[in-house]
Every structure is written in structure tokens, then in C-alpha cells.
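Asker: The structure's right below; bear with me while I get my questions together.
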């Protein structure tokens, strides 16, 4: 698996259609997750323009990286990270989203993607990472705690005020 940064397109230019089709298929495969999040109006009918809009919203946040995971040339996942949380008292980078094609769940792709993201944080001399898991997503909580993340707080997310567990992991040198 390799990670490739996805840069925002130049102003007034859309994402290339083949890439947008891949990203839309990835999001659409995860309708159960999107049912929980409410990020799309109909999680069973996610459209390219909605995915493009969601990505453009992510890129408005300073320090955001959109990372595409590919295996053998195929898009297998996406990670969106924040170098700094909007709360200045929070020193850690955040994993805002880590999503693997639902057809590949249970095959280790999520674990590999999380490890690659953590390695990027380590390379940037970051000593820990944080993320939030929606309270009604026990599968995600089990995934992240199995990777060594620990619940450190419970609060609402900033955008949609959904109850979440905040998790943190110390990133020791590899």
C-alpha cells in the first residue's frame, strides 16, 4: 500500500473525473458509516458532486492533508489528517477520517493505512495522534482501541455536535 497526497485542484478547476469516480465509489461503498455520520443526504446515493464538495470543505481547513491509499494501482482507502486541531490547547495532529473500501474490510487495509498515517506523523516529529469516534460506532471504537488508541475524553464534534469519544495514541519511534 502506498499513500499519495491529493492536492486541491487549481481554483475553478474540478478534480479529474476518473479520480472523482474512484473517490465516489469509495464513499458509496461505506453507506453504513455515512448513515451514522449524516455527512451525505442519502448514504445509498452518494454523488460525485457531493464528494467533490466534501473534499473542498476539508481543504479549507489549514494544515489538512488528504491522503489516498492505493494497492496495485487501485484506490483502497482515504485518510484526512489535520496538523493542528482548532483548539490551541490541543498539541496533537488529528486523523479526521480514515476510510477503506467496504469490500476490503477485515483484510488489514485499515490497519496498514493507519500505520502509514502514524508514520507520517512520526516523520514530522509528532509524538502522538488523536481522533474522534462517534458514540454510535462501536466497530470503529474497537478498531482504534485494537491499534493502541485510548479514550481520553467524551465530547461533541465541532461541526455537527454529535457525541464522540476522543482517542489518543502515543507515537513512539519505530
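In our numbering, the protein residues as written are 9 to 182.
Built from N, CA and C at the ideal position, the CB exists for glycine as well.
Residue 56 lies in the alpha helix (DSSP H); which residues open and close that run?
Answerer: Counting from one through the chain shown, the residue named residue 56 turns up at place 48. Its alpha helix (DSSP H) spans residues 56-67.
Asker: Taking DSSP's pairing of strands, which residues face residue 10 in a bridge?
Answerer: The sequence position of residue 10 within the chain shown is 2, counting from 1. Answer by DSSP bridge pairing, in chain order: 78.
Asker: Write down every uninterrupted run of the beta strand (DSSP E) in the segment 133-174 whose length is 3 residues or greater and which is fully enclosed by it, in chain order.
Answerer: Listed in chain order, they are 136-142, 158-164.
Asker: Which of the three DSSP states is assigned to residue 91 in this structure?
Answerer: Counting from one through the chain shown, the residue named residue 91 turns up at place 83. Looking at residue 91 - three-state DSSP - the assignment turns out to be coil, as it is neither helix nor strand.
Asker: What does a CB cutoff of less than 8 Å around residue 22 pick up in its chain, not counting 5 residues either side in sequence?
Answerer: For the purposes of this step, residue 22 is taken as residue 14 along the chain shown, with counting starting at 1. Within the same chain, residue 22 has close Cβ partners 28, 60.
Asker: Out of 41, 165, 40, 54, which one is the CA nearest neighbour of residue 33?
Answerer: To locate residue 33, count along the chain shown from 1; it is residue 25. Checked all of 41, 165, 40, 54; the closest Cα to residue 33 is 54.
Asker: Do you know how far the Cα of residue 124 is from the Cα of residue 103?
Answerer: Against the chain shown, residue 103 aligns to sequence position 95. Against the chain shown, residue 124 aligns to sequence position 116. Their backbone Cα atoms lie some 12 Å apart in a straight line.
Asker: Under 8 Å: do the segment 80-97 and the segment 113-129 share three or more Cβ pairs, one atom per stretch?
Answerer: Yes, since at least three Cβ pairs between the segment 80-97 and the segment 113-129 fall closer than 8 Å, the two stretches touch.
Asker: Buried or exposed: where does residue 177 fall if 16 or more other Cβ atoms within 10 Å of its Cβ makes it buried?
Answerer: As a working mapping, residue 177 is identified with position 169 in the chain shown. Buried is the call here.
Asker: Do residue 74 and residue 14 have their beta-carbon atoms positioned less than 9 Å apart in this structure?
Answerer: Residue mapping note: residue 14 aligns to position 6 of the chain shown, counting from 1. Residue mapping note: residue 74 aligns to position 66 of the chain shown, counting from 1. Cβ atoms of residue 14 and residue 74: closer than 9 Å.
Asker: In three-state terms, what does DSSP make of residue 176?
Answerer: As a position in the chain shown, residue 176 is number 168, starting the count at 1. It is a strand residue.
Asker: What's the call for residue 114, buried or exposed, on a 16-neighbour Cβ count within 10 Å?
Answerer: Position 106 of the chain shown holds residue 114. Exposed, because fewer than 16 other Cβ atoms sit within 10 Å of the Cβ of residue 114.
Asker: Starting from residue 118, follow the alpha helix (DSSP H) in both directions and report where the run begins and ends.
Answerer: The sequence position of residue 118 within the chain shown is 110, counting from 1. Start and end: 117-131.
Asker: If I'm right that residue 121 touches residue 175 with Cβ under 8 Å, what's the distance once you round it to whole angstroms?
Answerer: For the purposes of this step, residue 121 is taken as the residue at position 113 of the chain shown. For the purposes of this step, residue 175 is taken as the residue at position 167 of the chain shown. Between residue 175 and residue 121 the Cβ distance is about 16 Å, and since that is not below 8 Å, they are no contact.
Asker: Helix, strand or coil, according to DSSP, for residue 106 in the structure here?
Answerer: Counting from one through the chain shown, the residue named residue 106 turns up at place 98. Of the three classes helix, strand and coil, the one that applies to residue 106 here is strand, per DSSP.
Asker: Who are the Cβ neighbours of residue 180 in its own chain at under 8 Å, not counting the five residues just before and after it?
Answerer: In the chain shown, counting from the first residue as 1, residue 180 sits at position 172. Nothing meets the Cβ criterion.
Asker: Got a sec? Which residues, its chain only, sit under 7 Å from residue 94 by beta carbon, not counting five neighbours each side?
Answerer: Looking up residue 94 in the chain shown gives position 86. Closer than 7 Å at Cβ, skipping near neighbours: 166.
Asker: Out of 109, 98, 132, state which residue places its alpha-carbon closest to the alpha-carbon of residue 161.
Answerer: Locating residue 161 in the chain shown gives position 153, counting from the first residue. Residue 98 is the option with its Cα nearest to residue 161.
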